[in-house]
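Whatever position you read off the sequence shown (first residue = 1), add 63 for my numbering. The structure under discussion appears below in the form of structure tokens.
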Amino acid sequence: MQNFTDYPKAGDIVTCRFPRREGPAETPRPCLVLEATDTELLLAYGTTSSTDANVGLEVSVTQNPEAHGLHRPTRFVCARRLRVSRTDKRLVADRIGRVVVGSLQEMFRDRLDEILAEIEAEEPRETREERERAGIHPPSARGFVRLYRKRGKAGKGTRRVTADPDVVVVTRPRPRHRAARLSQTH
């Protein structure tokens, strides 16, 4: 049962069954509260993945995640957002009934303010809130690269000139295997 005495506020971390593009999610995941009103919460998708599958307007908690109520280093992808009611059934309480499982420390507040300013500038508030209630799932960078990559040798970056002479699409080499991707980041 959910305990709403710990009233979530901006900067708090809650657990939510964040929907996928394909439909509802079974697994709860950490979500960052970007905005809190009397009736709704705006949540950002949390992931422990280090790939570029979900990117955009990120807050990364890599050092001491336990201090924030997280089990592992986590990236909150604020480009992928969901606006829910405070009583939404997708919000999941922990074993003792708390909805809020952690909070970002003060060092992240400036970054969070920058992200919120960028989100506010995207489009009119009413339009944006309507989209957020449906769930914003931005296209993945990986899909864009696949769609526009010129056929070439595997693992090679390519450069492609589009029909517009002022636009050039440049892709970086991408390792074909997960182990190779992980070794590049270290």
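Positions of the beta carbon are idealized from the N, C-alpha and C atoms, including for glycine. Note that the structure is predicted; figures quoted are calculated from it, not measured.
Can you tell me the Cα-Cα spacing of residue i and residue j, whole angstroms?
i      : j      : result
GLU177 : ARG146 : 19 Å
VAL164 : THR111 : 16 Å
SER166 : ASP75  : 4 Å
ALA32  : ARG174 : The structure shown does not extend to residue 32, since the chain spans only 64 to 249, so no value can be given for it.
PRO136 : GLU186 : 31 Å
VAL155 : ASN127 : 23 Å
GLY86  : GLU129 : 30 Å
ALA243 : THR114 : Residue confidence for ALA243 is low, a pLDDT of 48 falling below 50, so the modelled location carries little weight; the figure read from the coordinates is stated next. Cα to Cα, the separation comes out at about 12 Å.
GLY198 : LYS72  : 20 Å
GLY160 : GLU89  : 19 Å
GLN168 : HIS131 : 7 Å
GLU193 : ALA184 : 15 Å
HIS134 : VAL162 : 16 Å
TYR70  : PHE139 : 20 Å
GLU189 : LEU179 : 15 Å
So residue i and residue j are in contact, right, with Cβ under 8 Å, and what is the actual spacing, rounded?
i      : j      : result
CYS141 : LEU120 : 4 Å
VAL122 : PHE171 : 6 Å
Suppose contacts are defined by Cβ-Cβ distances below 9 Å. Is residue i in contact with residue j by that definition?
i      : j      : result
TYR108 : ARG144 : yes
ARG149 : ASP101 : yes
ARG83  : HIS200 : yes
ASP157 : LEU104 : no
VAL316 : LEU106 : The structure shown has nothing for residue 316, since the chain only spans 64 to 249.
ILE182 : ARG191 : yes
What span of residues does the alpha helix (DSSP H) with residue i cover, start to end?
i      : result
ILE159 : Counting along the chain, ILE159 falls outside any alpha helix (DSSP H), and DSSP gives it neither H nor E.
GLU192 : 188 to 197
LEU175 : 172 to 185
Between which two residues does the beta strand (DSSP E) containing residue i stretch?
i      : result
THR137 : 137 to 148
GLU121 : 121 to 124
Kindly indicate if chain D contains any beta-carbon less than 9 Å away from that of residue i.
i      : result
ARG174 : Note that chain D does not occur in the displayed structure, where there is just one protein chain.
As an exercise, report each continuous beta strand (DSSP E) stretch of at least 3 residues that is fully enclosed by the stretch 78 to 119, in chain order. Counting only runs of 3 or more, we get 92 to 99, 103 to 110.
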